[in-house]
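A.B. asks:
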Amino acid sequence: MLGKRTWVENGLLAAAIFVVVAFCLFPFVQILSTSLKHQFDWGNPSLIPVKLNWNAYGELLGIRSAEQVDVPDSVKRLLENPSISESQRRKILDRYQTTSDVFPFLRYFLNTFMLSASAAAVSLCLSVFGAYALSRLRFTGQTVIQRSILFVYMVGGVLLMVPLYQMSVKIGLAKSVGGSLVSLLLIYIIQTLPVSLYMLGNYFRTIPYALEEAAAMDGCSRVEAVFVIIIPLSVPMLMTVFVYCFIIAWNEFLFASVFLKQFHQWHTLPLALQTLFMSKNAIWDRIMAASMLTMIPVVVCFLFAMRNLTGGLAEGGVKE
Amino acid sequence: MAGIRLENINKKFGKTEVLHQVNLEIGDGEFVVLVGPSGCGKSTLLRLVAGLEDITAGNIFIGDALMNRIEPQHRNIAMVFQNYALYPHKNVRENIIFGLKRAHAPKDVIESRLSKVVNILGLEDFLARKPAQLSGGQRQRVAMGRALVRDAKVFLFDEPLSNLDAKLRNQMRSEIRRIHREYQTTSVYVTHDQVEAMTLGERVVVIRDGYIEQQGTPMEIYLHPDNIFVATFIGAPSMNILDARLFDGYVELEGCKLVMENGTPGQHRELPKTGLPVKLGIRPDFFIDRRHAGDGEALAVIHNARIDLIEPLGFDKELDVQIGSQLMKVRLDLRTQATEGDTIDLCVDMRRTHLFDIDTGQRLQ
Ligand SMILES: Nc1ncnc2c1ncn2[C@@H]1O[C@H](COP(=O)(O)OP(=O)(O)OP(=O)(O)O)[C@@H](O)[C@H]1O
Ligand SMILES: [Mg+2]
Chain A
120 MLGKRTWVEN
130 GLLAAAIFVV
140 VAFCLFPFVQ
150 ILSTSLKHQF
160 DWGNPSLIPV
170 KLNWNAYGEL
180 LGIRSAEQVD
190 VPDSVKRLLE
200 NPSISESQRR
210 KILDRYQTTS
220 DVFPFLRYFL
230 NTFMLSASAA
240 AVSLCLSVFG
250 AYALSRLRFT
260 GQTVIQRSIL
270 FVYMVGGVLL
280 MVPLYQMSVK
290 IGLAKSVGGS
300 LVSLLLIYII
310 QTLPVSLYML
320 GNYFRTIPYA
330 LEEAAAMDGC
340 SRVEAVFVII
350 IPLSVPMLMT
360 VFVYCFIIAW
370 NEFLFASVFL
380 KQFHQWHTLP
390 LALQTLFMSK
400 NAIWDRIMAA
410 SMLTMIPVVV
420 CFLFAMRNLT
430 GGLAEGGVKE
Chain B
944 MAGIRLENIN
954 KKFGKTEVLH
964 QVNLEIGDGE
974 FVVLVGPSGC
984 GKSTLLRLVA
994 GLEDITAGNI
1004 FIGDALMNRI
1014 EPQHRNIAMV
1024 FQNYALYPHK
1034 NVRENIIFGL
1044 KRAHAPKDVI
1054 ESRLSKVVNI
1064 LGLEDFLARK
1074 PAQLSGGQRQ
1084 RVAMGRALVR
1094 DAKVFLFDEP
1104 LSNLDAKLRN
1114 QMRSEIRRIH
1124 REYQTTSVYV
1134 THDQVEAMTL
1144 GERVVVIRDG
1154 YIEQQGTPME
1164 IYLHPDNIFV
1174 ATFIGAPSMN
1184 ILDARLFDGY
1194 VELEGCKLVM
1204 ENGTPGQHRE
1214 LPKTGLPVKL
1224 GIRPDFFIDR
1234 RHAGDGEALA
1244 VIHNARIDLI
1254 EPLGFDKELD
1264 VQIGSQLMKV
1274 RLDLRTQATE
1284 GDTIDLCVDM
1294 RRTHLFDIDT
1304 GQRLQ
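Sequence lines, in order, name chains A and B. Numbered per this note's numbering, the first sequence finishes at 439, counting up by one with no gaps. Numbered per this note's numbering, the second sequence finishes at 1308, counting up by one with no gaps.
1) Any beta carbon from chain A within less than 8 angstroms of B/Q1081's own beta carbon?
2) Using a beta-carbon distance cut-off of less than 8 angstroms, what residues from the segment 316 to 339 of chain A approach chain B?
3) Which of the residues in the segment 1026 to 1048 of chain B, read from start to end, lie with their CB under 8 angstroms from any CB of chain A?
4) Express the C-alpha separation of B/F1190 and B/T1207 in angstroms, rounding to a whole number.
5) Evaluate the contact criterion for the segment 413 to 421 of chain A versus the segment 972 to 991 of chain B: three or more CB pairs, one atom per stretch, below 8 angstroms.
6) Thinking B/T1217 and B/I1253 are a contact (beta carbons under 8 angstroms), I'd like their distance in whole angstroms, please.
7) Looking at B/S1105 and ligand 2, is the gap between the Cβ and the nearest heavy atom below 7 angstroms?
8) B/E1195 bridges to which residues according to DSSP?
9) Name, please, each residue of chain A whose Cβ falls closer than 7 angstroms to the Cβ of B/M1022.
10) Determine, using beta carbons only, whether B/K1073 comes closer than 8 angstroms to chain A.
11) So with CB distances below 7 angstroms, who are the chain B contacts of A/M437?
12) With distance defined between alpha-carbon atoms, name the residue in B/L1298, B/L1242, B/V1194, B/L1099 nearest to B/P1168.
13) Under a criterion of Cβ closer than 7 angstroms to any non-hydrogen atom of ligand 3, which residues qualify, in chain order?
14) Which chain A residues sit within Cβ distance under 7 angstroms of B/P1015?
15) Does the Cβ of B/S981 lie closer than 7 angstroms to at least one heavy atom of ligand 1?
16) Using a C-beta to C-beta distance shorter than 9 angstroms, which residues of chain B count as neighbours of A/L352?
17) With distances taken between CB atoms, is the gap from A/I150 to A/M397 smaller than 8 angstroms?
18) Considering only the alpha carbon of each residue, which of B/Q1083, B/K1096, B/R1124, B/Q1127 lies closest to B/D1108?
19) Between which two residues does the beta strand (DSSP E) harbouring B/I1287 extend?
20) Comparing the C-beta of A/I348 with each C-beta of chain B, is any distance below 8 angstroms?
21) Closer than 8 angstroms, Cβ to Cβ, to anything on chain A: give me those residues from the segment 1256 to 1289 of chain B, in chain order.
22) Can you name the residues that DSSP bridges to B/V1221?
23) Could you list which residues in chain B have their beta carbon closer than 7 angstroms to that of A/E434, in chain order?
24) Taking DSSP as the reference, what is the three-state secondary structure of B/Q964?
25) Using 8 angstroms as the threshold, is the segment 1055 to 1072 of chain B in touch with the segment 1002 to 1022 of chain B, meaning 3 or more CB pairs across them?
26) For A/A135, is the classification buried or exposed, using 16 other Cβ atoms within 10 angstroms of its Cβ as the cut-off for buried?
27) Show which residues of chain A have a CB atom less than 9 angstroms away from the CB atom of B/A993.
28) When DSSP labels each residue in this structure, what does B/I1063 get in the three-state scheme?
29) Under DSSP, the beta strand (DSSP E) around B/Q1265 begins and ends at which residues?
30) In angstroms, rounded to a whole number, what distance separates the CA positions of B/K1050 and B/I1039?
31) With hydrogens ignored, establish whether the beta-carbon of B/H963 is closer than 7 angstroms to any heavy atom of ligand 1.
32) Among A/Y176, A/A175, A/T153, A/L304, which one has its Cα closest to the Cα of A/S103?
33) On the CB-based measure, 16 or more other CB atoms within 10 Å of its CB, does B/H1017 come out buried or exposed?
34) Would DSSP call B/Y1027 helix, strand or coil?
35) Give me, in chain order, the residues of the same chain whose beta-carbon lies closer than 6 angstroms to that of B/V1097; leave out the 5 immediate sequence neighbours on both sides.
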């Protein structure tokens, strides 16, 4: 069969692939396109902006100051109502005219980055040793532990949100910013651990145990062997796991929205995006630009992970 | 350096017992070869000494220290693995010096030992390569190098030459002998190749199914095998085991009366009138064509052996010969003129033959 396709079949195949890829990519192209359009262009179905508009990106990245939002006509009419006192009027106007809370993108970016990176780092460290134990050691209760880890993964999410929040309130973590961040960190770690353990465990099983025995003969203890043999041989998989954890934490909305509700300064990007959508600053190009900027690290991570997914590092060590 | 003492070693994997009551003492600086068929427990025994497997029962001593609970990394043993077990992410050089580096050996010591080993093993051109870029034989040599470079108390070799071609294997065999002569490190060498066992070992230990069948110098084992298994396992082509009957002073083989000069073994027994059924073991190499037999020696003669097949091997000819209903291998030198289908009279020195019990396979004393 191999290599026997006619050009018609080839063409059809290519077309099919194109359709699928285009279908998947369309939303992203739409985001990119809208983020670069001027207001007058928004209704235009064409994906290519009439005139490029970098303002939204500029604002978000703090390169240029935010544009004031025009006070909508309905509000203007409301303000003309004489029954509204001067102070009330100013308050309403203020809400529309201050630009300080437009979208401090860099701040949110840093919040999210720190949270995701530390969650991923801790998760990785724990899963290296956890996965090693599960794949190499024999101990009582091993099967139970192994099963329950995957069970945690299957339950996850919404079901646990309320109890987890209650717990952190009860032990006083939810009161402070630090406590809330720690709770969130713990949750991300716990959420990503099962898959990390699973991925790493399976990878470790492909590394011949004889290599560790050889290391023992050369004077390494078990833990040292993990550092000099297992970890160097697993670098691509470690990176993949790190990226996986990072992306999960980066995109997480549900728990962050509950735990960080009161701490605006510490919002993460998904939260901030949500706030932006709901606010009077919700201008299309700004929303789309913010979405774009939120997405970029994920894409970069992903490409990075792809490059590292070339296996075969452990080959050639033992006779098959 | 130190000797090794195994006392009543038992090893079970789950319910299957792989080694049974093994007792073995290996002297300081001795080179011992463990030999036996595949699956008899050679690697397991080696791994027990290395500490890579836990013993089920018994004691292991290295020097005078009890090793049962000592972690492998603290036993100061260098081992060549049957499957190489090279570090795939390190190049040849790093693979070889890894152990020395872990032991914090000084730089100049590392360098001098490395260059020596590399030289002996012919690895100069491969130092910068990763294991995946080497052939099987080259990998095996790296595995050897990684052990030989170490200043260990004990060397353990698990079939270290199995992947080399005949020429390289011969060469490495002599190198191993030379290295051992120089360093005098206690060594245990596993092989299923009986030529290797004969040429390398100061002492050979024959193992079958987890039992030590016999141990001794190569020549002792070759000339005085304790039982049929050892007799046929050591020596190539392997010993002929023939059905015969033992009478007082002679053995009757297919109608030929083979007189024994130094008396009947098992004399203390009552021999039945019709003779005692025994197994007669004769090595193919110990036959002599009657035409070329010297006069002085007292040789027994097997008459009218029919030649089925002749394989010329250069200096020797290997013959498949039929006597009565039994087949045997015979090795004669190139003077023999007989051709296939001929009959031939073969002489044999009965002092070089062995009688085994027909049931137990043990040699008759
Ligand atoms: N981890 C294990 N679990 C169960 N059985 C094992 C294990 N390791 C070895 N065995 C069994 O123990 C016996 C001895 O194995 P061992 O590897 O010592 O043989 P060997 O003499 O080295 O053979 P070879 O010459 O083929 O290498 C074999 O029957 C094998 O099936
Ligand atoms: Mg073996």
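All residues carry an ideal CB built from backbone N, CA and C; glycine is no exception.
C.D. replies: Looking at the coordinates:
1) Along the second sequence, one-based indexing puts residue 1081 of chain B at 138. Not one chain A Cβ lies under 8 angstroms of B/Q1081.
2) Within the segment 316 to 339 of chain A, the residues whose Cβ lies closer than 8 angstroms to some Cβ of chain B are P327, A329, L330, E332, A333, A334, A335, M336, D337, G338, C339, listed in chain order.
3) Under the 8 angstroms Cβ criterion, the segment 1026 to 1048 of chain B contributes N1026, Y1027, A1028, L1029, Y1030, P1031, H1032, F1041, G1042, R1045, A1046.
4) Position 264 of the second sequence, counted from the start, is the residue given in the question as residue 1207 of chain B. Position 247 of the second sequence, counted from the start, is the residue given in the question as residue 1190 of chain B. So the two alpha carbons sit approximately 8 angstroms from each other.
5) The answer is no - the segment 972 to 991 of chain B does not touch the segment 413 to 421 of chain A, with fewer than three Cβ pairs under 8 angstroms.
6) One-based indexing of the second sequence puts residue 1217 of chain B at position 274. One-based indexing of the second sequence puts residue 1253 of chain B at position 310. Contact between B/T1217 and B/I1253 does not hold, since their C-beta atoms are separated by about 36 angstroms, which reaches or exceeds 8 angstroms.
7) Position 162 of the second sequence holds residue 1105 of chain B. Not under cutoff, so the answer is no.
8) Taking the second sequence and counting its residues from 1, the one referred to as residue 1195 of chain B is at position 252. Beta-bridge pairing links B/E1195 to B/R1188, B/K1200.
9) In the second sequence, the residue the question calls residue 1022 of chain B occupies position 79. Within chain A, the residues near B/M1022 are M336.
10) On the second sequence, position 130 is the one that residue 1073 of chain B refers to. Yes, its Cβ sits closer than 8 angstroms to a Cβ of chain A.
11) Here residue 437 of chain A corresponds to residue number 318 of the first sequence, with the count starting at 1. Contrary to the premise, residue 437 of chain A reads as Val rather than Met in this sequence. Taking a Cβ-Cβ threshold of 7 angstroms, the residues of chain B close to A/V437 are N1026, Y1027, A1028, in chain order.
12) Counting from 1 along the second sequence, the entry for residue 1168 of chain B is found at position 225. Comparing Cα-Cα distances from B/P1168 to each of B/L1298, B/L1242, B/V1194, B/L1099, the minimum goes to B/L1298.
13) Questions concerning ligand 3 fall outside what the structure shown contains, since the ligands it does hold are ligand 1 and ligand 2.
14) Translated into the one-based positions of the second sequence, residue 1015 of chain B becomes position 72. Neighbours of B/P1015 on chain A, chain order: A335, M336.
15) Walking along the second sequence from the start, residue 981 of chain B turns up at place 38. Yes, Cβ of B/S981 sits closer than 7 angstroms to a heavy atom of ligand 1.
16) If you number the first sequence from 1, residue 352 of chain A lands on position 233. What A/L352 touches in chain B: Y1030, P1031, H1032.
17) Locating residue 150 of chain A in the first sequence gives position 31, where the first residue counts as 1. Locating residue 397 of chain A in the first sequence gives position 278, where the first residue counts as 1. A/I150 places its beta carbon 8 angstroms or farther from that of A/M397.
18) Numbered from its first residue, the second sequence carries residue 1108 of chain B at position 165. Checking every option, the nearest Cα to that of B/D1108 belongs to B/Q1083.
19) As a working note, residue 1287 of chain B is residue 344 in the second sequence. It spans 1286 to 1291 - the beta strand (DSSP E) in which B/I1287 sits, taken as one unbroken run.
20) Within the first sequence, residue 348 of chain A is the residue found at index 229, counting from 1. Yes, its Cβ sits closer than 8 angstroms to a Cβ of chain B.
21) When C-beta distances to chain A are compared with 8 angstroms, every residue of the segment 1256 to 1289 of chain B stays at or above that value.
22) Here residue 1221 of chain B corresponds to residue number 278 of the second sequence, with the count starting at 1. Listed as beta-bridge partners of B/V1221 by DSSP are B/A1187, B/D1300.
23) Within the first sequence, residue 434 of chain A is the residue found at index 315, counting from 1. In chain order: P1031, A1075.
24) In the second sequence, residue 964 of chain B corresponds to position 21, counting from 1. Looking at B/Q964 - three-state DSSP - the assignment turns out to be strand.
25) No: fewer than three Cβ pairs fall under 8 angstroms.
26) Taking the first sequence and counting its residues from 1, the one referred to as residue 135 of chain A is at position 16. With fewer than 16 Cβ atoms within 10 Å of its Cβ, A/A135 is classed as exposed.
27) As a position in the second sequence, residue 993 of chain B is number 50, starting the count at 1. Those within 9 angstroms of B/A993 in chain A are E332, A335, M336.
28) Position 120 of the second sequence, counting from 1, holds the residue named residue 1063 of chain B. Reduced to three states, the DSSP call for B/I1063 is helix.
29) For the purposes of this step, residue 1265 of chain B is identified with residue 322 of the second sequence, where counting begins at 1. Where B/Q1265 is concerned, the enclosing beta strand (DSSP E) stretches over 1259 to 1266.
30) Taking the first residue of the second sequence as 1, we reach residue 1050 of chain B at position 107. Taking the first residue of the second sequence as 1, we reach residue 1039 of chain B at position 96. Roughly 14 angstroms between the two C-alpha positions.
31) In the second sequence, residue 963 of chain B corresponds to position 20, counting from 1. Checking the Cβ of B/H963 against ligand 1 gives no.
32) Residue 103 of chain A lies beyond the stretch modelled for chain A, which goes from 120 to 439, so this question has no answer here.
33) For this step, residue 1017 of chain B is matched to residue 74 along the second sequence. It is exposed - the Cβ of B/H1017 has fewer than 16 other Cβ atoms within 10 Å.
34) The sequence position of residue 1027 of chain B within the second sequence is 84, counting from 1. B/Y1027 carries a strand assignment under DSSP once its states are collapsed to helix, strand and coil.
35) Locating residue 1097 of chain B in the second sequence gives position 154, counting from the first residue. Correct list, in chain order: I1020, T1129.
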